[in-house]
Amino acid sequence: MAGSGKGAVFMALIGNGFLTVIKFVAFLLTGSGALLSEAIHSGADCANQALLYVGVKRSQRPADDTYQYGYGGDRFFYALMSAVGIFVLGAGVTIYHGVEHLIYPPELEISPIAFIVLAIALVVDGVVLVAAVREVNRRRGEQSFREFVRTSTDPTLLAVLFEDGIATLGVLIAAAGIGLAWLTGNTIFDALSSIAIGGLLGLMAIWLGWRNRVLLLGPSIPEGMQKQIVDFIEEQPSVDAIRLVRTRIVGAEKFRVAVELDYNGRYLGELDLPWFEEQAAAGLLDTPEGRKQVIGELGHRLSEALGDEVDRLEAALSERFPRIKHIDLEVD
4 MAGSGKGAVF
14 MALIGNGFLT
24 VIKFVAFLLT
34 GSGALLSEAI
44 HSGADCANQA
54 LLYVGVKRSQ
64 RPADDTYQYG
74 YGGDRFFYAL
84 MSAVGIFVLG
94 AGVTIYHGVE
104 HLIYPPELEI
114 SPIAFIVLAI
124 ALVVDGVVLV
134 AAVREVNRRR
144 GEQSFREFVR
154 TSTDPTLLAV
164 LFEDGIATLG
174 VLIAAAGIGL
184 AWLTGNTIFD
194 ALSSIAIGGL
204 LGLMAIWLGW
214 RNRVLLLGPS
224 IPEGMQKQIV
234 DFIEEQPSVD
244 AIRLVRTRIV
254 GAEKFRVAVE
264 LDYNGRYLGE
274 LDLPWFEEQA
284 AAGLLDTPEG
294 RKQVIGELGH
304 RLSEALGDEV
314 DRLEAALSER
324 FPRIKHIDLE
334 VD
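Read the sequence shown against the working numbering and you will find it ends at 335, with the numbers running on by one and no gaps.
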């Protein structure tokens, strides 16, 4: 799966497109409210994952004069739209039909087709879910699963993970509702399973919406990583003190870091000691004109040394922390 999350989204999109078709066919043949809920669920997932895919593609556009830090926020915006879609199309419509079937019980025709379709759905959703979990495990490294979910900056991967997790659970709930309706002859179980599926979708949509709101606001990077960055900078002999650190998430796995710091002037000055001794040995410090020339050149060399050190430190930070895409080092 692509590191960008596009592979996970595309796989889920294809899987849910296929499931939407077969679940609607099964509903038309059986009249099951649970199957209708599952069909709506898969259709909503399909539409939402199409939004996620668009968001991934648009977020990968390069920076330009209008958006100088790039389009990473597009992924958060489309993921937020997807969460709204899940809430309205998935949870809202599913719960509505469940309540309707609860009040006006339909004629329910149980056939093997319903269970065959649900078995196929369980396999497809399970495959996509396993792929999403593997991608999460690949990315989280030493983080716990819970910590990764709480701090991840890729809403597309989280959306696929939770959508297909609930889809897999939804299939089991639908199977239980249809099975109990078949055993008891009471369609209330079919309607209740539909409501339960809608409730799960609603809770997931609210959480995803809140998570994307946080990312759109531009939060600081995880505290642990920020501490590592500060420690790395403080270890540099050219740095005397760090005055202020500002960080921001600007895209999925893309960070901006701005640091105000004091450079160690003595360290930078000592780098020019051999050159200064050469000027002294040449007798340039013995005359007012020579001293003026040496002092002027020394100031120029120190200015260049400071610029070179800023470039070196930015390159070192980028190498040590690849997710930092924008670095601003300012002299306090």
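The C-beta atom is built at its ideal place from N, Cα and C for all residues, glycine as well.
Distance cut-off 7 Å: residue i Cβ against heavy atoms of the ligand NAP
i	result
residue 26	As for the ligand NAP, it is missing from this structure, which has no ligand bound.
Simplified DSSP assignment, three categories, for residue i
i	result
residue 254	strand
residue 285	coil
residue 350	Given a span of 4 to 335 for the chain in the structure shown, any question on residue 350 remains unanswerable.
residue 15	helix
residue 244	strand
residue 183	helix
residue 275	coil
residue 72	coil
residue 107	coil
residue 311	helix
residue 224	coil
residue 238	coil
residue 265	strand
residue 4	Per-residue confidence for residue 4 stands at a pLDDT of 37, beneath the threshold of 50, marking its modelled position as unreliable; no derived number is given.
residue 249	strand
residue 331	strand
residue 325	coil
residue 3	Any property of residue 3 remains undetermined from this structure, which presents the chain solely from 4 to 335.
residue 189	coil
Option in the options with minimal Cα separation from residue i
i	options	result
residue 182	333, 70, 35, 209	35
residue 261	290, 102, 284, 223	223
residue 28	15, 14, 46, 72	46
residue 96	14, 42, 133	42
residue 50	166, 280, 116	166
residue 136	177, 117, 163, 187	163
residue 110	294, 33, 61	33
residue 40	93, 87, 107, 264	93
residue 267	286, 236, 283, 293	236
residue 310	333, 12, 75	333
residue 123	31, 206, 21	21
residue 132	170, 300, 150	170
residue 221	327, 325, 253	253
residue 114	282, 75, 186, 205	186
residue 72	299, 259, 23	259
residue 152	63, 207, 106, 52	207
residue 38	83, 116, 57	116
CB-CB length for residue i against residue j, believed under 8 Å
i	j	result
residue 203	residue 173	7 Å
residue 305	residue 275	7 Å
residue 256	residue 156	6 Å
residue 121	residue 177	6 Å
residue 264	residue 297	About 29 Å separates the two Cβ atoms, so there is no contact after all.
residue 184	residue 193	4 Å
With 16 other Cβ atoms within 10 Å as the buried cut-off, status of residue i
i	result
residue 85	buried
residue 249	exposed
residue 65	exposed
residue 44	buried
residue 15	buried
residue 295	exposed
residue 284	exposed
residue 31	exposed
residue 140	exposed
residue 144	exposed
residue 319	exposed
residue 244	exposed
residue 76	buried
residue 289	exposed
residue 98	buried
residue 67	exposed
residue 316	buried
Residue i at chain D interface by Cβ criterion, 8 Å
i	result
residue 125	Chain labels in this structure do not include chain D; a single protein chain is all it has.
Which ranges would you report for the alpha helix (DSSP H) in the stretch 113-170 if only whole runs of at least 4 residues count? 115-143, 148-154
Scan the stretch 36-102 and note each continuous alpha helix (DSSP H) run of 4 residues or more that stays entirely inside, going in chain order. 36-62, 76-88
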